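Chemist: Structure in structure tokens, see below.
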Amino acid sequence: MHNKPVDVDQWNALVDSLARCRLVGGLNVTAATDGRTGGQVISCDLATAQAGRFNHPWKIAPRWSESLRSYTFKVYPGFVNGLPARATVPDPADGESRVKVELTEFPEIIIPDSRWTEAAQYGVLQYFKDLGVADAPKDGEDSAPTRLLYRCDVVLSIPKMVINGELNVEDGEVKYSYTTGNQTLDVRENRANIVTYAKWSPPEITSAAMAAFGELVEEPSTDELLLGTIYLLGPSPEEVAVDASQWDSFSVHVAHSVFWNLGYVADTQLLSYQGTTITPRTNLTSALDALGEIGRLTSLMSTPFGDKPPSNPGHYWTV
Amino acid sequence: MSISFEELKVRTRAEIPAKFNMLVDAARALSARRGVGVRLHETPGGTIVSVDSGLATAVFTHPFQVTKTGDGVQVRFGVVDGIEPTIGGKPISGGADSEAPVLDMDFSDGRQYVVLEVPLDKDLKLIDGRGIAVAAVKALKSDYDSGSEEYVARHPICMIETKAGVSRLFQIEYFNLARTSRRKESGTVQHFFYAQ
């Protein structure tokens with residue numbers, strides 16, 4: 272076709288193709304021509320279309336930010352024990368330091384490129400298979416052309432008091448020592464946070480059997496819950512050659528795991544720390560306290576190392 | 009795919025063939041795609057975009073839904089352990105023949121909660137005849153008075169945040185509820201509310 276005159280049929284086909292792309296206003300939608308650029312402006316009557324529109328707690332709304340050259344997302348405010356969760360975002364004052372902002376302020380959370388991982392290695396949902404994404408090739412198989420699919424997990428994370436034991440032998444005497452996690456005891460600071468992972472997995476915990484044999488895994492410092500997964504789906508291979516540097520050409524999909532506000536209670540097995548009762552500073556109602564904080568903060572670790580109870584992860588439930 | 013129409017422009021007719029495929033790709037990229045609640049219908053004269061009217065007008069209602077009304081709020085019917093709470097002694101739904109009562113609120117700047125209050129005796133059972141009330145709480149303080157033998161289990165159903173005179177409601181509760189309470193060895197009482 273190069274360097275040959277364009278014939279009438281080709282141009283007419285092209286004109287028809289472009290005509291089909293012209294958007295025409297329909298129900299609740301109007302289309303107008305932008306006088307400056309000549310482009311089409313499609314408007315929806317928001318007063319009508321969004322009346323009564325329901326956003327559930329923890330609803331994840333991702334978008335591509337051209338200015339940041341990165342994907343970002345907002346989370347419709349969700350509450351844990353009656354308090355809104357927080358997210359860590361750049362401080363608007365200087366743009367560099369990080370501040371925690373409650374979800375009721377609708378902060379825009381940036382997803383670092385390092386949080387995206389190829390989804391095929393973890394198994395592809397049928398929904399995406401139907402859209403042309405293939406499972407990762409098995410050993411020895413050639414990889415067939417497929418649409419790219421990346422994933423990023425959005426997780427609710429609550430820091431908790433962690434007490435880890437250490438066994439030392441000094442002068443032939445066995446001594447036990449304990450260290451606490453670095454969480455503050457002020458429950459207002461230990462609020463639920465939104466964090467992202469390339470692929471989140473439930474933490475490994477010390478089972479009762481493992482504890483009996485002194486096989487302890489490191490106590491997780493947070494109680495976490497998967498809120499949802501953001502997927503980036505690339506164009507089909509026939510459409511255009513795409514690599515991960517062309518993020519803005521991907522389409523965004525979200526698979527939610529949690530839809531309602533939550534109650535949370537932490538490990539209640541541990542009742543004081545080395546014989547000293549910890550009094551949490553809080554101005555919450557005891558209803559709220561009881562649901563999550565007192566049990567977490569009044570922890571006891573006065574038992575010998577070998578008797579350390581098994582891990583007791585906190586519990587979330589729908590309220 | 010971002011389209012640069014500037015790159016597609018030509019100065020002479022001789023440039024057209026070289027850019028033909030680029031123009032075809034650009035046209036293909038302009039194809040509209042259907043989003044949530046939107047319907048597309050391609051015609052020779054263009055693509056019609058419609059927003060589904062069912063989606064546009066559907067209203068989600070649920071137990072304990074809080075709505076602002078004048079200087080207070082109203083709370084839609086809901087139950088805790090099968091019991092309908094009250095506002096000022098009247099059922100929150102207003103009952104069969106009267107309007108739903110209004111809970112007076114102070115909408116000055118700051119945060120308030122609309123909470124359910126369940127009065128319990130020393131055995132952590134609902135006190136006979138007291139019922140469950142809906143109350144406004146400006147600053148959440150302890151509901152646990154160790155000096156008496158009475159407890160109040162509170163559960164937030166809505167948070168109202170007012171800034172510069174503008175109030176926003178954040179609904180917390182969407183379901184009818186069940187409650188249980190327990191006393192720990194330390195003497196602390198825990199109250200659990202959960203969706204039913």
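Same order as they appear, the protein sequences are chains A and B. For the first sequence, my numbering gives the first residue as 272, with consecutive numbering after it. For the second sequence, my numbering gives the first residue as 9, with consecutive numbering after it. Where is the CB? At the ideal position from N, CA and C, for every residue including glycine. Treat the numbers as computed from the prediction; the structure is a model and nothing was measured.
Apart from the five residues just before and just after aspartate 278(A), which ones in its own chain have a Cβ nearer than 7 angstroms to its Cβ?
Modeler: By 1-based counting over the first sequence, the position of residue 278(A) is 7. Once the five neighbours on either side are set aside, aspartate 278(A) has no close Cβ partner at all.
Chemist: Can you find a CB in chain A that lies within less than 8 angstroms of the CB of isoleucine 95(B)?
Modeler: Residue mapping note: residue 95(B) aligns to position 87 of the second sequence, counting from 1. Chain A contact via Cβ: absent.
Chemist: Please list the terminal residues of the continuous beta strand (DSSP E) segment that includes tyrosine 224(A).
Modeler: Since the first residue shown for chain A is 272 and the last is 590, residue 224(A) is missing from the structure and cannot be characterised.
Chemist: Once the 5 residues before and after leucine 419(A) are set aside, which same chain residues still bring their CB inside 6 angstroms of it?
Modeler: As a first step, residue 419(A) must be located in the first sequence, where it is residue number 148. Around leucine 419(A): Gly505.
Chemist: Using 8 angstroms as the Cβ pair cut-off and three pairs as the minimum, do the region 374-382 of chain A and the region 344-355 of chain A touch?
Modeler: yes
Chemist: Indicate whether aspartate 89(B) and threonine 170(B) have their beta-carbon atoms separated by less than 8 angstroms.
Modeler: Along the second sequence, one-based indexing puts residue 89(B) at 81. Along the second sequence, one-based indexing puts residue 170(B) at 162. No, the pair does not count as a contact, with Cβ atoms beyond the cut-off.
Chemist: Counting only C-beta atoms, is proline 267(A) closer than 8 angstroms to chain B at any point?
Modeler: The structure shown has nothing for residue 267(A), since chain A only spans 272 to 590.
Chemist: Give the interface partners of threonine 55(B) over in chain A, defined as CB-CB distance under 8 angstroms, in chain order.
Modeler: Taking the first residue of the second sequence as position 1, residue 55(B) is located at position 47. Within 8 angstroms Cβ-Cβ: Arg291, Cys292, Arg293, Leu294 and Val295.
Chemist: Check the Cβ of leucine 31(B) against every Cβ in chain A and list those closer than 8 angstroms, keeping chain order.
Modeler: Mapped onto the second sequence, residue 31(B) falls at position 23. Under the 8 angstroms cutoff, chain A gives Leu285.
Chemist: Output, in sequence order along the chain, the residues in the region 389-410 of chain A whose CB is closer than 8 angstroms to any CB in chain B.
Modeler: none
Chemist: Report the neighbours of serine 39(B) on chain A: residues whose CB is nearer than 7 angstroms to its CB, in chain order.
Modeler: Within the second sequence, numbered from 1, the residue matching residue 39(B) stands at position 31. Correct list: Cys292.
Chemist: For alanine 537(A), is the classification buried or exposed, using 16 other Cβ atoms within 10 angstroms of its Cβ as the cut-off for buried?
Modeler: What you label residue 537(A) is simply residue 266 of the first sequence in a count that begins at 1. Buried: at least 16 other Cβ atoms inside 10 Å.
Chemist: In three-state terms, what does DSSP make of tyrosine 202(B)?
Modeler: Taking the second sequence and counting its residues from 1, one reaches residue 202(B) at position 194. Of the three classes helix, strand and coil, the one that applies to tyrosine 202(B) here is strand, per DSSP.
Chemist: Hey, is threonine 493(A)'s beta-carbon within less than 8 angstroms of any beta-carbon in chain B?
Modeler: Taking the first residue of the first sequence as position 1, residue 493(A) is located at position 222. For threonine 493(A), the closest Cβ of chain B is not nearer than 8 angstroms.
Chemist: When you compare the CB of alanine 104(B) with every CB in chain A, is at least one pair closer than 8 angstroms?
Modeler: Position 96 of the second sequence holds residue 104(B). Contacts with chain A at 8 angstroms (Cβ-Cβ) do not include alanine 104(B).
Chemist: Say whether chain A places a C-beta atom closer than 8 angstroms to the C-beta of proline 25(B).
Modeler: Numbered from 1 along the second sequence, position 17 holds the residue referred to as residue 25(B). So yes, proline 25(B) belongs to the interface.
Chemist: In chain A, which residues lie less than 8 angstroms from glutamate 181(B) when you measure between Cβ atoms?
Modeler: Here the question's residue 181(B) lines up with position 173 in the second sequence. Those are Asn532 and Val590, listed as they occur along chain A.
Chemist: How about phenylalanine 72(B): is its C-beta nearer than 8 angstroms to some C-beta of chain A?
Modeler: Locating residue 72(B) in the second sequence gives position 64, where the first residue counts as 1. So, not an interface residue.
Chemist: Could you have a look at threonine 94(B) and say whether DSSP puts it in helix, strand or coil?
Modeler: Along the second sequence, read from residue 1 onward, the residue named residue 94(B) stands at position 86. In the structure shown, threonine 94(B) sits in a strand (DSSP, three-state: E or B).
Chemist: Asparagine 464(A) lies in the beta strand (DSSP E); which residues open and close that run?
Modeler: The residue labelled residue 464(A) in the question sits at position 193 within the first sequence. That run of the beta strand (DSSP E) goes 464-468.
Chemist: Against chain A, does glutamate 14(B) count as a neighbour if the rule is that its beta carbon must be under 8 angstroms from one of theirs?
Modeler: Taking the second sequence and counting its residues from 1, one reaches residue 14(B) at position 6. Closer than 8 angstroms: no.
Chemist: Rounded to whole angstroms, what's the CA-CA distance from asparagine 471(A) to leucine 402(A)? Just pull it up for me.
Modeler: Your numbering for residue 471(A) matches position 200 in the first sequence. Your numbering for residue 402(A) matches position 131 in the first sequence. First, the residue type needs correcting, since residue 471(A) is tryptophan and not asparagine in the sequence shown. If you take the alpha carbons of tryptophan 471(A) and leucine 402(A), they lie about 24 angstroms apart.
Chemist: The region 355-375 of chain A: which residues have C-beta closer than 8 angstroms to a C-beta of chain B, in chain order?
Modeler: Pro355 and Thr375
Chemist: Could you check whether the Cβ of serine 288(A) sits closer than 8 angstroms to any Cβ belonging to chain B?
Modeler: Taking the first sequence and counting its residues from 1, one reaches residue 288(A) at position 17. Yes, its Cβ sits closer than 8 angstroms to a Cβ of chain B.
Chemist: Mapping the DSSP letters down to three states, classify phenylalanine 399(A) as helix, strand or coil.
Modeler: Numbered from its first residue, the first sequence carries residue 399(A) at position 128. Helix.
Chemist: Could you please give the first and the last residue of the uninterrupted alpha helix (DSSP H) stretch that includes valine 83(B)?
Modeler: The residue labelled residue 83(B) in the question sits at position 75 within the second sequence. Per DSSP, valine 83(B) belongs to no alpha helix (DSSP H); it is in the beta strand (DSSP E), 80-83.
Chemist: Please compile the residues from chain A whose C-beta is within a distance smaller than 7 angstroms of the C-beta of proline 3(B).
Modeler: Since the first and last residues shown for chain B are 9 and 204, residue 3(B) lies out of range.
Chemist: If you reduce the DSSP assignment to three classes, tell me which class lysine 27(B) lands in.
Modeler: Taking the first residue of the second sequence as position 1, residue 27(B) is located at position 19. Looking at lysine 27(B) - three-state DSSP - the assignment turns out to be helix.
Chemist: Relative to the alpha-carbon of phenylalanine 325(A), which residue among Arg334(A), Asp362(A) and Trp531(A) has its alpha-carbon at the smallest distance?
Modeler: Your numbering for residue 325(A) matches position 54 in the first sequence. Measuring from the Cα of phenylalanine 325(A), the nearest candidate turns out to be Trp531(A).
Chemist: Valine 277(A) touches chain B at which residues, Cβ-Cβ below 7 angstroms?
Modeler: The residue given as residue 277(A) occupies position 6 in the first sequence. Going along chain B in sequence order, the residues near valine 277(A) (Cβ under 7 angstroms) are Ile24, Pro25 and Phe28.
Chemist: Check each candidate in Lys27(B), Ala34(B), Lys17(B) and Leu16(B) and name the one with the smallest Cα separation from proline 276(A).
Modeler: Locating residue 276(A) in the first sequence gives position 5, counting from the first residue. The shortest C-alpha separation from proline 276(A) is found at Lys27(B).
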